[in-house]
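>
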Amino acid sequence: MTCAEQCGNPRSAALRVPLDPQAEASGRQRTPTGPEEHVVTFINRFTVTGPAEEFERLFDDTSAFFRDRPGFISHRLLRHTEQPGSYVNVAEWENAESFRAAVTHPDFAPHATALRTLSTSESNLYASVLERTATH
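What follows is the structure, encoded as structure tokens:
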């Protein structure tokens, strides 16, 4: 069972299919062909230059904005365990078009501006090619 299935995210659970019977036993997965193949992952690495607590609060506000956008699936904001001020956001979107519509929406601009006052960032959009899950 994938984490998505265990965590109750049916959209993500439906996106994982085995490569072949041996792959299923090894936990290797790939995204299927068909309508779901366009799921994208947005990864944004932040270097926080202001107070971390304020950055996290502003990011929480931004997260609430994205939660209500069409095509948003989920996100996780991760803080580096050994480098204070280093964060990574990993977000899944149904497709690149939904992601682009969200970040070009006029209501997103104030969120981006606020985050830029406390951090610098580097971001890219990715498509999944391989995923492995535990077999135990």
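First residue of the sequence shown? That's 4 in this note's numbering, and the numbers climb one at a time after it. Quick reminder that beta carbons are idealized off the backbone N, C-alpha and C, glycines included. Owing to the predicted nature of the structure, the values given are computational and were not obtained by experimental measurement.
#1: Quick one, are the C-beta atoms of residue 72 and residue 105 less than 9 Å apart?
#2: So if DSSP puts residue 106 in a beta bridge, which residue, or which two residues, is it bridged to?
#3: Would you decide whether residue 53 is buried or exposed? Buried here means 16 or more other CB atoms lie within 10 Å of its CB.
#4: Would a C-beta distance cut-off of 9 Å place residue 43 and residue 130 closer than the cut-off?
#5: Taking Cβ to Cβ, would you say residue 51 is nearer than 9 Å to residue 126?
#6: The beta strand (DSSP E) that contains residue 48, what's its start and end?
#7: Which runs of the beta strand (DSSP E) spanning at least 3 residues fall entirely within the stretch 108 to 138, listed in chain order?
#8: Have a look at 49, 41, 94 and flag the residue whose alpha-carbon is nearest the alpha-carbon of residue 119.
#9: Look at residue 185 and residue 65 and say whether their C-beta atoms are less than 9 Å apart.
#10: Got a sec, what are the start and stop residues for the alpha helix (DSSP H) residue 56 sits in?
#11: If I follow the unbroken beta strand (DSSP E) through residue 95, where does it start and stop?
#12: Tell me whether residue 95 is buried or exposed, calling it buried when 16 or more other Cβ atoms sit within 10 Å of its Cβ.
#13: Figure out for me which residue from 82, 60, 136 has the closest Cα to the Cα of residue 92.
The short version:
#1: Yes, these two residues count as a Cβ contact at 9 Å.
#2: As far as DSSP is concerned, residue 106 takes part in no beta bridge.
#3: Its Cβ having fewer than 16 others within 10 Å, residue 53 is exposed.
#4: Yes, they are a contact pair.
#5: No, Cβ-Cβ distance for residue 51 and residue 126 is not below 9 Å.
#6: According to the DSSP assignment, residue 48 belongs to the beta strand (DSSP E) that extends over 43 to 51.
#7: List check, beta strand (DSSP E) in window: 122 to 130.
#8: Taking only the C-alpha atoms, the option nearest residue 119 is 49.
#9: The requested residue 185 does not occur in the structure, where the chain is confined to residues 4 to 139.
#10: Where residue 56 is concerned, the enclosing alpha helix (DSSP H) stretches over 55 to 70.
#11: Residues 89 to 96.
#12: Buried, by the Cβ-count rule.
#13: Selection 82, 60, 136 evaluated against residue 92 yields 82 as nearest (Cα-Cα).
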